[in-house]
Amino acid sequence: MFTKMNQIIDEVKADVAERDELIECIAICLIAGKNLFILGDTGQAKSFAINEFRKRITGAKQYERLMSKQTDEEQLFGRLDLSSLIPGNMPMDELMKDKRYAEQAEKVENLYDKYLNDGQNSTLNEAVSEAKNLLNIKHILCALRSGTPKMITEGKIPDSHIVFLDEIFKSNDGILNSLLTALNEKVYTNEGQMVKIPVVSFFSASNEIPNFNDSTQAILKPLYDRFEIKVLTEYVQEKDNRMTVLKNKQSGSTNTAATYITLAELQQMQQEAEKVKVTDEINELMDNVLCELRRHNIHVSDRKYFGFTPIVRVKAYLNGNTEVKPKDLLVLKNYFWNEPSQIPIIEKILKDICENPIGAKAQKLVEMARESFSDLNCFANNQDRENPDIEKQVLKLYMKTGKELLRIYSDVVNLKEDDMSDADCKKVDEVAEEIENFSLLCDDIAKTPHVPLSEKMRLNV
2 MFTKMNQIID EVKADVAERD ELIECIAICL IAGKNLFILG DTGQAKSFAI NEFRKRITGA
62 KQYERLMSKQ TDEEQLFGRL DLSSLIPGNM PMDELMKDKR YAEQAEKVEN LYDKYLNDGQ
122 NSTLNEAVSE AKNLLNIKHI LCALRSGTPK MITEGKIPDS HIVFLDEIFK SNDGILNSLL
182 TALNEKVYTN EGQMVKIPVV SFFSASNEIP NFNDSTQAIL KPLYDRFEIK VLTEYVQEKD
242 NRMTVLKNKQ SGSTNTAATY ITLAELQQMQ QEAEKVKVTD EINELMDNVL CELRRHNIHV
302 SDRKYFGFTP IVRVKAYLNG NTEVKPKDLL VLKNYFWNEP SQIPIIEKIL KDICENPIGA
362 KAQKLVEMAR ESFSDLNCFA NNQDRENPDI EKQVLKLYMK TGKELLRIYS DVVNLKEDDM
422 SDADCKKVDE VAEEIENFSL LCDDIAKTPH VPLSEKMRLN V
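Sequence positions in the sequence shown follow the numbering used here and run 2 to 462.
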């Protein structure tokens, strides 16, 4: 089933220049049930890419609106059906939910159609008689169930599967809470009742991010955070791509959509993607990623970190894998950033760790060794080594550091496997040698003979 989604991805990529990353993220959001925000200047085909993609999903109800300060809640979520407030009355859609009423209404309609064809008074009289029965059923239903306010939501967000709210940050304060609940929990409040809405994904695009340090715009921060995946777009960079787009515009040629998927097929993809396995190795790599991101002062909340799984599962699924591979984690570049300046840092961290997981593990271990040595070195260099009591403290810390370096060295050596590549073997050897050097420096500080860590490991010291 994933092959059909990949066909759509390829088709839309052919329609829009240099938007491969965005188009793939649209597909991932739809299968993972996530929300997507696109940041880029006007005229970068952001909306076009979304519309080209979502029009290929048949059976999915779509809702689109350009947001402004004048957009109100009724335009998004529907309006109150005034007929539901009239005593002894009920909206037609509520009446039709009753099986007996629906059957009787169909009978009346069929008789009336028959009368239009034969013009017989007998048919008309029968239709009138059945219409009276229909009114009697309505009277009973209204007596039992009327008085409950109802919302008319047809064609609005609560009636939609895919929603595109362009320039969402231009929304007014009055509808922010409703939008936040819809984005976060996929529900809305209908006359005091929380109602589940069928939206699969919300999409939005803008040429700017609100200034959250401004008190008047800080209220938009929770809304921004509910777009799990964010993509930054640029103007078309390559000349060849610009020429292709230009010629297509001049000739008026357009590509016709050839591949479609139904809403049911999309739902099937969602179920299949959920079965993709996430191994302990992947979780370990992601913990390394988290530590590196935080070390670079990139804020990643626990909620954000623990929520990465559906996204990488879909990435692996689209690649035809039954379990997540390290390179599938590279898609998280568009998951972790909060502002564009963070993108290159996040991308480098993910590549360093996920494209070379053995090297990343080895590098993490050598950093631990460096920190352990630094603690001993700093303490020894800032003490009066002529003082016997101080020297005892240095030796005590030296013993602790030595045990720690041996443990780390052992972990590094154990990274080696029979089927490991030459590059990975070389990296492990380099790190082991670096840790061995830290051990030598520690022995110099303590003025003790040096015994190689490899020998200590062999002797199980």
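Glycine included, every Cβ here is placed at the ideal spot set by N, Cα and C.
Remember, predicted model here, so these are calculated numbers, not experimental data.
Using 8 Å as the threshold, is the region 242 to 249 in touch with the region 291 to 306, meaning 3 or more CB pairs across them? no
By DSSP, does residue 375 sit in helix, in strand, or in coil? helix
Strictly by DSSP, which residues pair up with residue 324? 278
Let's see if you can read the secondary structure: which residues bound the beta strand (DSSP E) around residue 3? Unbroken run through residue 3 is the alpha helix (DSSP H), 3 to 16; no beta strand (DSSP E).
Rounded to the nearest angstrom, what separates residue 231 and residue 32 at their Cα positions? 16 Å
Rounded Cβ spacing between residue 1 and residue 406 (contact assumed at less than 8 Å): Given a span of 2 to 462 for the chain in the structure shown, any question on residue 1 remains unanswerable.
Are the CB atoms of residue 277 and residue 314 nearer to each other than 7 Å? yes
Between which two residues does the alpha helix (DSSP H) carrying residue 306 extend? 303 to 307
State yes or no: is the C-beta of residue 465 within less than 7 Å of the C-beta of residue 317? Residue numbering for the chain in the displayed model covers 2 to 462; residue 465 lies beyond these limits and cannot be assessed.
Give me the DSSP bridge partner(s) of residue 167. 67
Identify every run of the alpha helix (DSSP H) within the region 99 to 164, keeping only runs that are complete inside it and at least 4 residues long; order them along the chain. 100 to 119 and 122 to 146
Could you check which residue in 422, 401, 228 and 460 has the C-alpha nearest to that of residue 27? 228
Count the other C-beta atoms from every protein chain shown that fall within 10 angstroms of the C-beta of residue 459, then say buried if there are 16 or more, exposed otherwise. exposed
Exposed or buried, what is residue 20 when buried is set at 16 or more other beta-carbons lying within 10 Å of its beta-carbon? buried
Quick check: the region 161 to 172 against the region 66 to 82, are there 3 or more CB pairs under 8 Å? yes
Using a Cβ-Cβ cut-off of 7 Å (strictly less than) and excluding sequence neighbours within five positions of residue 134, which residues of its own chain qualify? 105
Tell me whether residue 91 sits in a helix, a strand or coil according to DSSP, three-state version. coil
Rounded separation between residue 305 and residue 299 - CA only: 12 Å
Please identify the residue among 17, 36 and 41 whose C-alpha is closest to the C-alpha of residue 239. 17
Starting from the Cα of residue 41, find the closest Cα among 369, 346 and 341 and give me that residue. 341
When the Cβ atoms of the region 392 to 406 are set against those of the region 445 to 460, are three or more pairs found closer than 8 Å? yes
Do residue 366 and residue 425 have their beta-carbon atoms positioned less than 7 Å apart in this structure? no
Within this structure, are the beta carbons of residue 261 and residue 55 separated by less than 7 Å? no
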